[in-house]
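Peer 1: Following this message is one structure expressed as structure tokens.
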Amino acid sequence: MLLALDDAISTAVLAGRGAGAEVFGIIDLNNKIETRISAISLGRAIQFVANASVLGYDVRNAMVLYGEPGTPSLRVWDCEHLWAQYGGVLLQP
């Protein structure tokens, strides 16, 4: 069941990787403030969340919202998994 869910998420993300997304719950550790990122493609949002901890951000509470209302959000683990599995393919149009 979990594998089928992962496949469904991967398929949806790959199909919509160029669509708009928003990132919430990122804390800039230098300024100690929450950073919200909008007007970014889904692929770039996944890349950012997957790599943000090395850039000085706390991503433990990060969520990537995309697609139609009601589409499940992506959490940090989802972004790390998707970036590790697909990498640069997520950035292609």
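Each residue of the sequence shown is one higher than the one before, starting from 4 at the first, in this note's numbering. Every residue gets a Cβ at the ideal spot worked out from N, C-alpha and C, and that includes glycine. Since we're looking at a predicted model, the values are computed, not measured.
With which residues is residue 69 paired in a DSSP beta bridge?
Peer 2: Answer by DSSP bridge pairing, in chain order: 24.
Peer 1: Under three-state DSSP, which class holds residue 47?
Peer 2: Here residue 47 sits in helix by DSSP.
Peer 1: With a threshold of 16 other CB atoms inside 10 Å of the CB of residue 58, please say whether the residue is buried or exposed.
Peer 2: By the neighbour-count rule (16 or more Cβ atoms within 10 Å), residue 58 is not buried but exposed.
Peer 1: Quick check: the Cα distance between residue 49 and residue 34, rounded to an integer number of angstroms?
Peer 2: Roughly 23 Å between the two C-alpha positions.
Peer 1: Can you give me the C-alpha to C-alpha distance between residue 36 and residue 53, rounded to a whole angstrom?
Peer 2: Computed Cα separation, rounded: 19 Å.
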